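Engineer: Below is the structure I would like to discuss, written out as C-alpha cells.
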Amino acid sequence: MSSKSIVLDQDVVVTQLQGKVYLVAADGSQTLLSEGDVLPKDAVLLAPEGASFQGGETTFTLSPSNTPDAEESQLALQGQGDVPDDIAALQQAILAGTDPTQAFEASAAGGAPAAGNVGGVAGASGNGGFITIDRTGDATISTAGFDSANPDDTAPLAEAQDDEDELLDLAAPTITVSAPDNVNDSTPTLTGTTDAAPGSTVTLVVTDANGNQQTLITTVNPDGSFSVDVGTPLPDGGYDVTASVTDPAGNTGTSTDDGSVDTTAPSVTVTAPDNTSDSTPTITGTTNAAPGSTVTLVVTDVNGNQQTLTATVQPDGTYSSNVVTLLPDGGYEVTASVTDPAGNTGTAADDGSVDTTANITVSLDNVNGANVGNAPISGT
Numbered sequence: 001m002s003s004k005s006i007v008l009d010q011d012v013v014v015t016q017l018q019g020k021v022y023l024v025a026a027d028g029s030q031t032l033l034s035e036g037d038v039l040p041k042d043a044v045l046l047a048p049e050g051a052s053f054q055g056g057e058t059t060f061t062l063s064p065s066n067t068p069d070a071e072e073s074q075l076a077l078q079g080q081g082d083v084p085d086d087i088a089a090l091q092q093a094i095l096a097g098t099d100p101t102q103a104f105e106a107s108a109a110g111g112a113p114a115a116g117n118v119g120g121v122a123g124a125s126g127n128g129g130f131i132t133i134d135r136t137g138d139a140t141i142s143t144a145g146f147d148s149a150n151p152d153d154t155a156p157l158a159e160a161q162d163d164e165d166e167l168l169d170l171a172a173p174t175i176t177v178s179a180p181d182n183v184n185d186s187t188p189t190l191t192g193t194t195d196a197a198p199g200s201t202v203t204l205v206v207t208d209a210n211g212n213q214q215t216l217i218t219t220v221n222p223d224g225s226f227s228v229d230v231g232t233p234l235p236d237g238g239y240d241v242t243a244s245v246t247d248p249a250g251n252t253g254t255s256t257d258d259g260s261v262d263t264t265a266p267s268v269t270v271t272a273p274d275n276t277s278d279s280t281p282t283i284t285g286t287t288n289a290a291p292g293s294t295v296t297l298v299v300t301d302v303n304g305n306q307q308t309l310t311a312t313v314q315p316d317g318t319y320s321s322n323v324v325t326l327l328p329d330g331g332y333e334v335t336a337s338v339t340d341p342a343g344n345t346g347t348a349a350d351d352g353s354v355d356t357t358a359n360i361t362v363s364l365d366n367v368n369g370a371n372v373g374n375a376p377i378s379g380t
C-alpha cells in the first residue's frame, strides 16, 4: 500500500503509535517516531495511506489516493460476497450505533488494546493497524499532494505587499539649486545638491529677463552634487532657475532660485585741472556706480612718476581727491577706474598741467639826468 504525507498545522504530542511513522526532515531524511515525541507545527509525517490520528477529542482519517495501487485494485475486484467477515461486522456495528473503536480487536500490524483492555483499535481510531496521534488542539490538517488552498488565495497578500512597498517610497528626493546673482558672466554655472542616487538626471529650466526659456540636463555626482553651464547667453537682468529630479519610484523633487546678470561696466568721468599753479591739484569726476563705491585714480607726472589715489562715490555720484605728492611743473595724466559688484570696470582719463614759475618783465622808460632817481618802472 502506498504512503501519504501529513503536514501538521500546530504542535502535536505523540501519545500512542501503531505501525511505523516517520518524521521527514527538510533534507529528505526520515526519523522513526516514538511515543512522547513532540512534533512542531509544519512538521511533515510519512505514514501509510488512510491512517488516522486523534487531536484532542477529534479523530481525523486521511483519505486514500484517487489512484488505487495494485493491492487496492485487486480488492476492488472482489465481489460483495467476498467482503471479509471483520469488515462486514464493522459495517453492522456502525449501523447499530456501536462505537467501532471499542468493539474490535487490534489489527495484525499490532497495537495496544482499546481502553479497558477490550479488544479493539487503540485510541479512538476505527482503522486498525495505522497511527493514533493525540494532538494539542482541534484542526484540519492537509495531506501532501492535496493542496487545500487555491493559488489565487495568495493574491490579496501579494497585492497588499505591493501596496505596502509603494507606501514606503512616497517621499520625493530633496534637491537644492543655486543661481549666481549679480555676475558679469552671461553663461553662469548653475550648481546644487540632491539625495537622489548618483547618476540620476537633473533637469534645469532657466527663464531669462525677457521670458525666454532654455532647458539644461546634468547628472548627480557620487557626492550628491551637480552642476551645468547655461548654454545660451543670458541678457542683463534677473533670471529664474527651476531644478527637478525624479527617483526610480516616480517621486519628483523640485527647487528654485533666482540670480542676475550684469555685463555693463559703470560709466565714469575725471577732470584733471590744467595750467594750475597748485602742485597738489584736486582731481574730480562723476560716475553711475553705486554710492560708496571706490574710485581709483592713477596720476602720472611729467617725469613718469606715478601715485595712486582713491576716492569714494558720493550719493550724488560725484567724487574728488587731492594729489598727495607734489607734482613738478609740466603736464600730468590722470586715469580713473571704478568696478561694480558684478565685476565690471569702467575707466576714464584726463590730463592737466602745473606751472608754479612766475614770469616777470621789467622795463625802465626815459632814464636821463633830469629824472635820475625816480625813473618810471613797469612790468608784467
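In terms of full-length UniProt numbering, the sequence shown opens at residue 1 and continues consecutively.
From the three backbone atoms N, C-alpha and C, an ideal C-beta is built for every residue, glycine too.
All values reported here derive from a predicted model rather than from experimental measurement.
#1: Excluding five sequence neighbours on each side, which residues of the same chain lie with their C-beta closer than 7 Å to the C-beta of Ala342?
#2: Taking only the alpha-carbon atoms, compute the straight-line gap between Thr189 and Pro180 and give it to the nearest angstrom.
#3: Determine the extent of the beta strand (DSSP E) in which residue 389 is found, giving its start and end residues.
#4: For Ser34, which residues does DSSP report across the bridge?
#5: At which residues does the beta strand (DSSP E) containing Asn322 begin and terminate?
#6: Which residue comes first and which comes last in the beta strand (DSSP E) that contains residue 385?
#7: Is there contact here, the stretch 327-334 with the stretch 284-304, by at least three beta-carbon pairs under 8 Å?
#8: Along the chain, where does the beta strand (DSSP E) that runs through Gly192 open and close?
#9: Check each candidate in Leu204, Gly346, Ala197, Ala272 and name the one with the smallest Cα separation from Pro248.
#10: In the structure shown, what three-state DSSP assignment does Ala197 receive?
#11: Beta strand (DSSP E) containing Pro48: first to last residue?
#12: Within the same chain, show all residues whose beta-carbon is closer than 7 Å to that of Thr176, passing over the 5 residues directly before and after it, in chain order.
#13: How should Ala292 be labelled, buried or exposed, when 16 other C-beta atoms within 10 angstroms of its C-beta is the threshold for buried?
#14: Can you list, in chain order, the residues of its chain whose CB lies under 6 Å from that of Thr339, leaving out five sequence neighbours each side?
Structural biologist: Walking through what the data contain:
#1: Excluding residues within five positions, the ones whose Cβ falls inside 7 Å are Asn182, Val183, Asn184, Asp262.
#2: Between Thr189 and Pro180, the C-alpha separation is close to 7 Å.
#3: With the chain represented from 1 up to 380, any question about residue 389 goes unanswered, as that position is not in the structure.
#4: None; Ser34 has no bridge partner.
#5: It spans 318-322 - the beta strand (DSSP E) in which Asn322 sits, taken as one unbroken run.
#6: With the chain represented from 1 up to 380, any question about residue 385 goes unanswered, as that position is not in the structure.
#7: yes
#8: 189-194
#9: Ala197
#10: coil
#11: Element bounds for Pro48: 44-48.
#12: Gly192, Thr193, Ser255
#13: Sequence inspection shows Gly at residue 292; the Ala mentioned does not correspond to that position. Exposed, because fewer than 16 other Cβ atoms sit within 10 Å of the Cβ of Gly292.
#14: Thr345
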